[in-house]
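A.B. asks: Supplied in structure tokens, the structure appears directly below.
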Amino acid sequence: MGLFLSPKEREYVRQVNRDPTVLRANRHMFTMFVAIFLFLFLMLGPLSPQFTGWLWQSTAGEVSPAHDLLTGYLPWYWLLLILNGGGFGVSALLLVVYLIRAIRNLVRGRRVWRDEVIPRLAEIYSWDRASLKEVEYSRVQVMEYGSRYHSAALSYFLCVFLCFLIALGSIAMLHDEHVSSLPFQARADLAQIEAGTLETAQVWISPQSRPGGLPGPYGSGQPRLITRRGIVGEDTGYEWVVVRIPNALDFSPDPDRLFDETRPAAWNLEHARQYRVSYTSNFHLVTEITPVGSEEP
Numbered sequence: 346m347g348l349f350l351s352p353k354e355r356e357y358v359r360q361v362n363r364d365p366t367v368l369r370a371n372r373h374m375f376t377m378f379v380a381i382f383l384f385l386f387l388m389l390g391p392l393s394p395q396f397t398g399w400l401w402q403s404t405a406g407e408v409s410p411a412h413d414l415l416t417g418y419l420p421w422y423w424l425l426l427i428l429n430g431g432g433f434g435v436s437a438l439l440l441v442v443y444l445i446r447a448i449r450n451l452v453r454g455r456r457v458w459r460d461e462v463i464p465r466l467a468e469i470y471s472w473d474r475a476s477l478k479e480v481e482y483s484r485v486q487v488m489e490y491g492s493r494y495h496s497a498a499l500s501y502f503l504c505v506f507l508c509f510l511i512a513l514g515s516i517a518m519l520h521d522e523h524v525s526s527l528p529f530q531a532r533a534d535l536a537q538i539e540a541g542t543l544e545t546a547q548v549w550i551s552p553q554s555r556p557g558g559l560p561g562p563y564g565s566g567q568p569r570l571i572t573r574r575g576i577v578g579e580d581t582g583y584e585w586v587v588v589r590i591p592n593a594l595d596f597s598p599d600p601d602r603l604f605d606e607t608r609p610a611a612w613n614l615e616h617a618r619q620y621r622v623s624y625t626s627n628f629h630l631v632t633e634i635t636p637v638g639s640e641e642p
């Protein structure tokens, strides 16, 4: 069929089949598909129970339960911040680049159709020397050539959408889970423990508890290395404060003198055990719990 094409027509066909604009856009689109799966893999890795369990407990037994927990969590926080911050920054930059390329190709496509394709189609329609099938073949090839920039623009718009998904996931993690502030809060709490400038309160401790961990994004199966309990007393303004007690402290309230929140403060002063609790300011991570008095009521 190509024998019936003029040299100019064959040149159009070669440009359609080997056009670098479309090939380059498709390569970028494929790269973005690979990048988004790689990003998901990098995000799921730090949330896996095997990795977090090993990292969080890697410093166990070195100093104290609270200090060891913070030391284990700190590199995890930095890793999450680097992955999410870097993912957002790179994807936002690529989003702008691909959006510019998509708009540029759309503009070029309109210009090609106006200046080349439409006049060429008018010339083909006026041909009299070829069969109807050959004219139709030439017309399709010319239209494909004219649509090359539109095809490239579509590929770049898909790249924009993929970059948007990565940026959205990163900013959601940074904002909703407060990943951007967690390593700095953990470092401040570590400095508090090392300096001995902790929050201290004489309080009652709620008998109700819930297993948990330090702040951060959690997945199923991750180890729960702390117990969350409420404390209340004069030092807290009789308002409940939730503290995180490391499981390594092996703490449990005195079963014979439990706090009863349905009773008035005077009753609890006489019957419920109070404790002196030291904890950090940011994560409310308990470093020490000491019963106040040992005499029976």
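Numbering (the working numbering), first residue to last: 346 to 642.
Just so it is clear, CB atoms sit at the ideal spot from N, CA and C, and this is done for glycine as well.
In this text the structure is predicted, and so the values were computed from the model without any measurement.
(1) Go ahead and pull the three-state DSSP assignment for residue 420.
(2) Could you check if residue 482 is buried or exposed, using at least 16 other CB atoms within 10 Å of its CB as the buried criterion?
(3) Is the region 392-403 touching the region 413-423, taking contact as three or more C-beta pairs under 8 Å?
(4) In whole angstroms, what separates the C-alpha of residue 598 from that of residue 430?
(5) Give the secondary structure of residue 410 by DSSP, where H, G and I count as helix, E and B as strand, and everything else as coil.
(6) Measuring straight from C-alpha to C-alpha, what distance separates residue 477 and residue 372?
(7) If contacts are defined as beta-carbon pairs under 8 Å, then residue 588 and residue 631 qualify, I think. What distance do you get, rounded to the angstrom?
(8) Indicate the three-state DSSP secondary structure (helix, strand or coil) for residue 552 in the structure shown.
(9) Tell me the residue span of the beta strand (DSSP E) that contains residue 403.
(10) Going by the beta-carbon positions, is the gap between residue 498 and residue 447 smaller than 8 Å?
(11) Leaving out five residues before and five after residue 426 in sequence, what residues of the same chain have Cβ atoms less than 7 Å from its Cβ?
(12) Consult DSSP for residue 624 and reduce its assignment to one of helix, strand or coil.
(13) State the Cα-Cα distance for the pair residue 625 and residue 407, rounded to the nearest angstrom.
(14) Beta carbon of residue 636, beta carbon of residue 608: below 8 Å?
(15) Ignoring anything shorter than 3 residues, give me the beta strand (DSSP E) runs that lie fully in the region 502-557, in order along the chain.
(16) May I ask which residues mark the beginning and end of the beta strand (DSSP E) holding residue 633?
(17) In whole angstroms, what separates the C-alpha of residue 531 from that of residue 514?
(18) In terms of residues, what are the limits of the beta strand (DSSP E) holding residue 572?
(19) Pick helix, strand or coil for residue 589, following the three-state DSSP scheme.
(20) Identify, in the order they occur along the chain, each residue of the same chain with its Cβ nearer than 7 Å to the Cβ of residue 424, setting aside the five sequence neighbours on each side.
C.D. replies: In short:
(1) Along the sequence shown, one-based indexing puts residue 420 at 75. It is helical.
(2) Here residue 482 corresponds to residue number 137 of the sequence shown, with the count starting at 1. Residue confidence for residue 482 is low, a pLDDT of 45 falling below 50, so the modelled location carries little weight; the figure read from the coordinates is stated next. Burial call: buried.
(3) yes
(4) Along the sequence shown, read from residue 1 onward, the residue named residue 598 stands at position 253. Along the sequence shown, read from residue 1 onward, the residue named residue 430 stands at position 85. The alpha-carbon atoms of residue 598 and residue 430 are separated by roughly 42 Å.
(5) The count along the sequence shown starts at 1 and reaches residue 410 at position 65. Here residue 410 sits in helix by DSSP.
(6) As a first step, residue 477 is located in the sequence shown; it is residue number 132 there, counting from the start. As a first step, residue 372 is located in the sequence shown; it is residue number 27 there, counting from the start. With a pLDDT of 47 at residue 477, under the threshold of 50, the predicted position of this residue should be treated as unreliable, though the coordinate-derived value follows. The straight-line gap from Cα to Cα measures roughly 37 Å.
(7) The residue you call residue 588 lines up with position 243 of the sequence shown. The residue you call residue 631 lines up with position 286 of the sequence shown. Contact holds; Cβ gap of about 5 Å.
(8) Start at 1 with the first residue of the sequence shown, and residue 552 comes out as number 207. Reduced to three states, the DSSP call for residue 552 is strand.
(9) Numbered from its first residue, the sequence shown carries residue 403 at position 58. Looking at the DSSP string, residue 403 is not in any beta strand (DSSP E), and its letter there is neither H nor E.
(10) Locating residue 498 in the sequence shown gives position 153, counting from the first residue. Locating residue 447 in the sequence shown gives position 102, counting from the first residue. In this structure, residue 447 lies closer than 8 Å to residue 498 by Cβ.
(11) Here residue 426 corresponds to residue number 81 of the sequence shown, with the count starting at 1. Same-chain partners within the cutoff: 524, 525 and 528.
(12) The residue given as residue 624 occupies position 279 in the sequence shown. In this structure, residue 624 counts as strand in the three-state DSSP scheme.
(13) The residue given as residue 625 occupies position 280 in the sequence shown. The residue given as residue 407 occupies position 62 in the sequence shown. Residue 625 and residue 407: Cα-Cα distance of roughly 19 Å.
(14) Numbered from 1 along the sequence shown, position 291 holds the residue referred to as residue 636. Numbered from 1 along the sequence shown, position 263 holds the residue referred to as residue 608. Contact flag unset, no.
(15) 544-557
(16) Translated into the one-based positions of the sequence shown, residue 633 becomes position 288. Looking at the DSSP string, the run of the beta strand (DSSP E) that includes residue 633 is 631-636.
(17) Position 186 of the sequence shown holds residue 531. Position 169 of the sequence shown holds residue 514. When rounded, the distance between both Cα atoms is 23 Å.
(18) Within the sequence shown, the letter at position 227 stands for residue 572. Start and end: 571-577.
(19) Counting from one through the sequence shown, the residue named residue 589 turns up at place 244. Three-state DSSP puts residue 589 in a strand.
(20) Start at 1 with the first residue of the sequence shown, and residue 424 comes out as number 79. The answer, listed in chain order, is 391.
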